[in-house]
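Quick mapping for you: the protein sequence lines, in order, are chains C and E. Per my numbering, the first sequence starts with residue 1, numbered consecutively. Per my numbering, the second sequence starts with residue 1001, numbered consecutively. Here's the structure, in structure tokens; my notes come after.
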Amino acid sequence: MKFGIVTDGGMDGPEKVNYIEKYRQIVDEAIAAEQAGFSLWGTSETHLFAPTTTVSAPDAIMGAVAAQTSVLHLRYMTLPVPYHHPVQGQNASALSTCCRTAAQKWAPPVATTSTSSTC
Amino acid sequence: MGTARGNNLDFFNVLGIDGARTRDIWREGIQAIVKLLRDDNVAIENDFWKFSGVTIHPKMPGNPIPPFYSVATGLDSHKHTGLLGMGDMAWDGYFGWRYLEDCYNVYKTAIKEAKPVTGTVLNSFSYFVTAAAIREDRAHALQDVEQRAFAFVDLIMRAYGKVATQPSYEYYEELQVVKEKQRDLPSLMKHGPSVMAGTPDDVCAMCERLQKLGVDEIVLSIDGISHESHLETIRMMGKYVIPAFSKA
């Protein structure tokens, strides 16, 4: 069984930080997750839901995490499909894939597939 | 690639989206995305989009389609995810162990008959923990996670408050436990695995139960407490929990 982490930049806890500091913390926690042996890290796109969730552009944070980790698999944890035109939706997929595919660290399926795996 | 229909009515209003049609938009959107990732000069014509001659960039060598998952809450949603051959990302722990087991079984039954939207069946059930904290002493862990855990309970009760008053609802008894124990964290944690807090042994026991259920992947929402708390939970997972399951 695999273990992963999801973070959506929650800022409604007891700790008071600004957005810049929060996003730095998110990246630091992803680095720590890799060191701890987690297989997977991801974040989700949300809007108008602060302070419970504050990540509106996962691509940016995924790029930062991809640049500072090496074996952690990344997953765009939630792409709310109705929010996007399909051309933009595929951008999220393709760009996050690009972040990782160069180093072959694209989040793979965790269970058996009935046909061949795509990655 | 995790996907969802979206559930934010405020943002639907901003975008002018009909909240009643999000399942159709989601399904047709994924079909279009897969086609765009795979093919050149794509033409799409459905209820929501009409375009032709579109070749997207960037494209990876071989035009790979990433594994697609869907957030699923509710039995019908798990079934739908399975029938589309997508990985299931379940957030249903607050309703209790029986409900989660039913969600798992519905998904695993449906996926046997899947017509995969990506062309490949991804048979994977991920379970999402909404709040997590691990410490050497249980009281400290529960204290850390309490505020976030109760915030999620409140969210659940706002969403399902009306159903909680209808004894005919199949999971009425499960909802009554949540309603009556809204501020009793140990009882909520006994009821279902939505919150993972306690000592490493406590968390290992909960993970073992999820593993026996058949869960392929546990994803912890380590979020909304404090940076130091998050780092400590991550460190404790790495020291005690992950090694215990990597042996298996």
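Virtual Cβ for every residue (Gly too), placed ideally from N, Cα, C.
Taking the beta carbon of residue i as the centre, do at least 16 other beta carbons fall within 10 Å, making it buried, or is it exposed?
i, result
"E/LEU1100", "buried"
"E/ARG1183", "exposed"
"C/GLN35", "exposed"
"E/TYR1172", "exposed"
"E/ARG1135", "buried"
"C/ALA103", "Here C/ALA103 scores only 45 on pLDDT, less than 50, and its place in the model is too uncertain to base an answer on."
"C/ILE26", "buried"
"C/ASN18", "exposed"
"E/VAL957", "Given that chain E is displayed from residue 1001 to residue 1248, the structure contains no residue 957 of chain E and the question cannot be resolved."
"C/GLN90", "buried"
"E/GLU1232", "buried"
"E/VAL1177", "buried"
"E/ALA1020", "exposed"
"C/GLY4", "buried"
"E/LYS1190", "exposed"
Just reading off the beta strand (DSSP E) that residue i is part of, what are its end residues?
i, result
"E/VAL1215", "Run containing E/VAL1215: none; DSSP gives neither H nor E here."
"C/HIS73", "73 to 80"
"E/SER1070", "1069 to 1072"
"E/ASP1088", "1087 to 1090"
"E/ALA1197", "1195 to 1198"
"E/GLU1228", "Segment 1227 to 1236 is the alpha helix (DSSP H) holding E/GLU1228; no beta strand (DSSP E) there."
"E/ILE1242", "That residue, E/ILE1242, is in no beta strand (DSSP E); its alpha helix (DSSP H) goes 1242 to 1246."
"E/ALA1043", "1042 to 1045"
Going by DSSP in three states, residue i sits in which element: helix, strand or coil?
i, result
"E/GLY1019", "helix"
"C/ALA66", "helix"
"E/PHE1128", "strand"
"E/TYR1099", "helix"
"C/LYS2", "strand"
"C/LEU48", "coil"
"E/LEU1220", "strand"
"E/LYS1050", "strand"
"C/ALA103", "In this prediction, C/ALA103 has a pLDDT of 45, which is less than 50 and means its spatial position is unreliable; what the coordinates show is noted afterwards. Coil at C/ALA103, not helix or strand."
"C/THR113", "At C/THR113 the pLDDT is 36, less than 50, meaning the model places this residue with poor confidence; the figure from the coordinates comes in the next sentence. In the structure shown, C/THR113 sits in a strand (DSSP, three-state: E or B)."
For the alpha helix (DSSP H) containing residue i, name the first residue and the last one.
i, result
"E/LEU1142", "1138 to 1160"
"E/ALA1004", "Segment 1002 to 1004 is the beta strand (DSSP E) holding E/ALA1004; no alpha helix (DSSP H) there."
"C/ALA33", "19 to 36"
"E/GLU1173", "1172 to 1180"
"E/ILE1065", "Note, E/ILE1065: premise wrong, no alpha helix (DSSP H); not H, not E."
"E/SER1077", "1075 to 1083"
At 9 Å on the CB atoms, spell out the chain D contacts of residue i, in chain order.
i, result
"E/THR1003", "The question asks about chain D, but that chain is absent: this structure's protein chains are C and E."
Could you name the residues of the stretch 1220 to 1247 of chain E whose beta carbon sits closer than 9 Å to any beta carbon of chain C, in the order they occur along the chain? Against chain C - using a Cβ distance shorter than 9 Å - the residues of the stretch 1220 to 1247 of chain E are LEU1220, SER1221, ILE1222, ASP1223, GLY1224, ILE1225, SER1226, HIS1227, GLU1228, SER1229, HIS1230, LEU1231, ILE1234, ARG1235, MET1236, MET1237, GLY1238, LYS1239, VAL1241, ILE1242, PRO1243, PHE1245, SER1246.
Which of the residues in the stretch 66 to 82 of chain C, read from start to end, lie with their CB under 9 Å from any CB of chain E? Against chain E - using a Cβ distance shorter than 9 Å - the residues of the stretch 66 to 82 of chain C are ARG75, TYR76, MET77, THR78, LEU79, PRO80, VAL81, PRO82.
If contact means a Cβ-Cβ distance below 9 Å, which residues of the stretch 1 to 23 of chain C contact chain E? Residues of the stretch 1 to 23 of chain C with a Cβ closer than 9 Å to any Cβ of chain E, in chain order: MET1, LYS2, PHE3, GLY4, ILE5, VAL6, THR7, ASP8, GLY9, GLY10, MET11, ASP12, GLY13, PRO14, GLU15, VAL17, GLU21, LYS22.
Just by C-beta distance, which residues in the stretch 1125 to 1151 of chain E are closer than 8 Å to chain C? Listed by position along the chain: PHE1125, SER1126, PHE1128, GLN1147, ARG1148, ALA1151.
Contacting positions in the stretch 27 to 40 of chain C - beta carbon closer than 9 Å to chain E: Cβ proximity to chain E below 9 Å picks out ASP28, GLU29, ALA32, ALA33, GLN35, ALA36, GLY37, PHE38, SER39, LEU40 from the stretch 27 to 40 of chain C.
The stretch 1168 to 1182 of chain E: which residues have C-beta closer than 9 Å to a C-beta of chain C, in chain order? Close to chain C, meaning a Cβ-Cβ distance shorter than 9 Å, is no residue of the stretch 1168 to 1182 of chain E at all.
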